[in-house]
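From first to last, the protein sequence lines stand for chains F and L.
The numbers in my numbering rise by one with no breaks, and the one at position 55 of the first sequence is 56.
The numbers in my numbering rise by one with no breaks, and the one at position 60 of the second sequence is 66.
Backbone N, C-alpha and C define an ideal beta-carbon position, used for all residues, glycine too.
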Amino acid sequence: QKEVEQDPGPLSVPEGAIVSLNCTYSNSAFQYFMWYRQYSRKGPELLMYTYSSGNKEDGRFTAQVDKSSKYISLFIRDSQPSDSATYLCAMGTGTSYDKVIFGPGTSLSVIP
Amino acid sequence: GAVVSQHPSWVICKSGTSVKIECRSLDFQATTMFWYRQFPKQSLMLMATSNEGSKATYEQGVEKDKFLINHASLTLSTLTVTSAHPEDSSFYICSARDRGTQYFGPGTRLLVL
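Next up, the structure:
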């Protein structure tokens, strides 16, 4: 079993739809969680960062963490064509020699 | 947010030559930087962790003599691909850690002919 699993998609939605992106993980030592957005041929860009279980909102983006189920989600409201990208979940343990583990990414297309 | 730059953004070289890629943290100091490579439509693969003032830690299967990493200052890490071959063609991305969060550079696309 991989440490972090993520449905690779591709996911295609109409403009304005609510998008739900998910990751599951197996290591209960993970303490912080991130979502990155990567446009084609570009480096990943940090979208959301959270430590605790629950929801964190930033504009149209909501990150949700359920540590008991080892499950994290990213919701995008009112999706726009400019949201079309690959979304990577990432997580780490927060220890001194911590390595961030990335999911394989979900490819999202928002159709106008 | 923190900014990480990479140079060059694009490089084409002949087989057998060496290529150096620079990664800089522009507005923060990073004791730890990371080097990844990414093949088309695949996720990031961690190659090595670069620590300022000490030797890099390489992931299993990554040849340390092939991919030389130097982290000489708190704002600069370099990756040198030695004796590059066509199979080394890839997208190389660095990241730097700032207070627990990793910020990525824009990536360097390497094409070895």
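With 7 angstroms as the threshold, decide whether the Cβ of residue i is near any Cβ in chain F.
| i | result |
| --- | --- |
| L:P14 | no |
| L:T23 | no |
| L:T86 | no |
| L:I99 | yes |
| L:F45 | no |
| L:L50 | yes |
Is it true that the CB of residue j sits closer than 7 angstroms to the CB of residue i?
| i | j | result |
| --- | --- | --- |
| L:S122 | L:V118 | What the structure shows of chain L is the stretch from 7 to 119, and residue 122 of chain L is not part of that stretch, so it cannot be assessed. |
| L:K70 | L:Y64 | yes |
| F:S80 | F:V20 | yes |
| F:Q32 | F:C90 | no |
Run through DSSP, which three-state label would residue i get?
| i | result |
| --- | --- |
| F:D8 | coil |
| F:S1 | The structure shown does not extend to residue 1 of chain F, since chain F spans only 2 to 113, so no value can be given for it. |
| L:E93 | helix |
| L:V68 | coil |
| L:K26 | strand |
| L:Q12 | strand |
| F:R38 | strand |
| L:T63 | strand |
| F:V14 | strand |
Starting from residue i and walking both ways along the beta strand (DSSP E), at which residues does that stretch end?
| i | result |
| --- | --- |
| L:L117 | 114-118 |
| L:F87 | According to the sequence provided, residue 87 of chain L is Val. The question's Phe does not apply to it. Per DSSP, L:V87 belongs to the beta strand (DSSP E) from 82-87. |
| L:A54 | 51-57 |
| L:I18 | 16-19 |
| F:Y26 | 20-26 |
| L:R43 | 38-44 |
| F:S110 | 107-112 |
| F:G46 | For clarity, residue 46 of chain F is Glu in the given sequence; the question names Gly instead. That run of the beta strand (DSSP E) goes 46-51. |
| L:Q108 | 107-110 |
| L:L32 | Looking at the DSSP string, L:L32 is not in any beta strand (DSSP E), and its letter there is neither H nor E. |
Could you check whether the Cβ of residue i sits closer than 7 angstroms to any Cβ belonging to chain L?
| i | result |
| --- | --- |
| F:F103 | yes |
Practice problem: At 3 residues or longer, and completely inside the stretch 53-84 of chain F: list those beta strand (DSSP E) runs for me, N to C. | Solution: 55-59, 62-67, 72-77
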